[in-house]
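Counting along the sequence shown from 1, when you hit position 90 you're at 90 in full-length UniProt numbering, and nothing is skipped either side. Written out below as C-alpha cells is the structure these notes cover.
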Amino acid sequence: MDHDPTDPAGAPPLGKLQSDKYKGGLGAPSNSFRLDEGYSDETKSEAGNDGPLGNGFTLPPWLLSHTEPVRADLAFALLSTLRTSTIANIVERLTPLLHMDPVQKLPPEITAEIFSYLDPTTLLTASLASRA
Numbered sequence: 001m002d003h004d005p006t007d008p009a010g011a012p013p014l015g016k017l018q019s020d021k022y023k024g025g026l027g028a029p030s031n032s033f034r035l036d037e038g039y040s041d042e043t044k045s046e047a048g049n050d051g052p053l054g055n056g057f058t059l060p061p062w063l064l065s066h067t068e069p070v071r072a073d074l075a076f077a078l079l080s081t082l083r084t085s086t087i088a089n090i091v092e093r094l095t096p097l098l099h100m101d102p103v104q105k106l107p108p109e110i111t112a113e114i115f116s117y118l119d120p121t122t123l124l125t126a127s128l129a130s131r132a
C-alpha cells in the first residue's frame with residue numbers, strides 16, 4: 001500500500017473525498033442566514049483535546065492525526081452515506097454545541113449589562129425567545 005508522504009505518519013490515505021460537492025473552507029456567510037458560533041466553556045474544539053466522545057467511543061489516533069479540513073471532508077463523506085433520519089438525529093445532538101443561551105452561561109452582571117442596551121420592545125422579544 002503506497003503512503004502519501006504529506007499524510008501524518010501511520011495514517012492510511014483517505015483519498016479525495018467528493019471535493020466537487022463539498023469545500024472544507026469557509027465561504028462568505030449568507031446575509032439571510034448566519035449561525036452564531038456561540039461561546040462554550042468546553043475545550044473539546046481546542047487542538048490536541050480530541051479525547052473520548054460523550055458516548056464512550058474513542059476516535060482512532062490515525063484519524064485524529066489528519067488535519068481538521070481532512071477530518072471535516074471525511075465526516076461529510078461519512079454523513080452523506082447515512083439516511084436522512086439518522087442525519088437529523090445527529091443534528092439534534094450537535095445543536096447544543098452550536099447554540100448557547102447567554103442567560104444560562106454568562107454571569108447575571110454581564111447579562112444585565114447587555115440587556116440594559118436593549119429597548120423595551122426588543123427586551124420583551126428576547127425574553128420570549130429565551131429558554132431560560
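C-beta: ideal position from N, C-alpha, C; glycine also. Please read all numbers here as calculations on a predicted model, not as lab measurements.
In the three-state scheme derived from DSSP, where H, G and I count as helix and E and B as strand, L64 is classed as helix. Secondary structure in the UniProt domain "F-box" (100-132): the alpha helix (DSSP H) runs of 4 residues or longer, each lying completely within the stretch, are 102-105, 108-115 and 120-129 in chain order. About 6 Å separates the Cβ atoms of P102 and T111, confirming a contact at the 8 Å cut-off. Your pair A126 and L118 checks out as a contact, with CB atoms roughly 7 Å apart and the cut at 8 Å.
By a beta-carbon distance limit of 8 Å, L78 does not contact R71. Their separation comes to about 10 Å. Rounded to whole angstroms, the gap between the alpha carbons of L98 and T86 is 19 Å. Residue state for T84 is assigned as helix, using DSSP reduced to three classes. For L123, same chain residues with a beta-carbon under 8 Å away, outside a window of 5 residues either side, are F115 in chain order.
T58 sits in coil when the DSSP states are folded into three classes, being neither helix nor strand.
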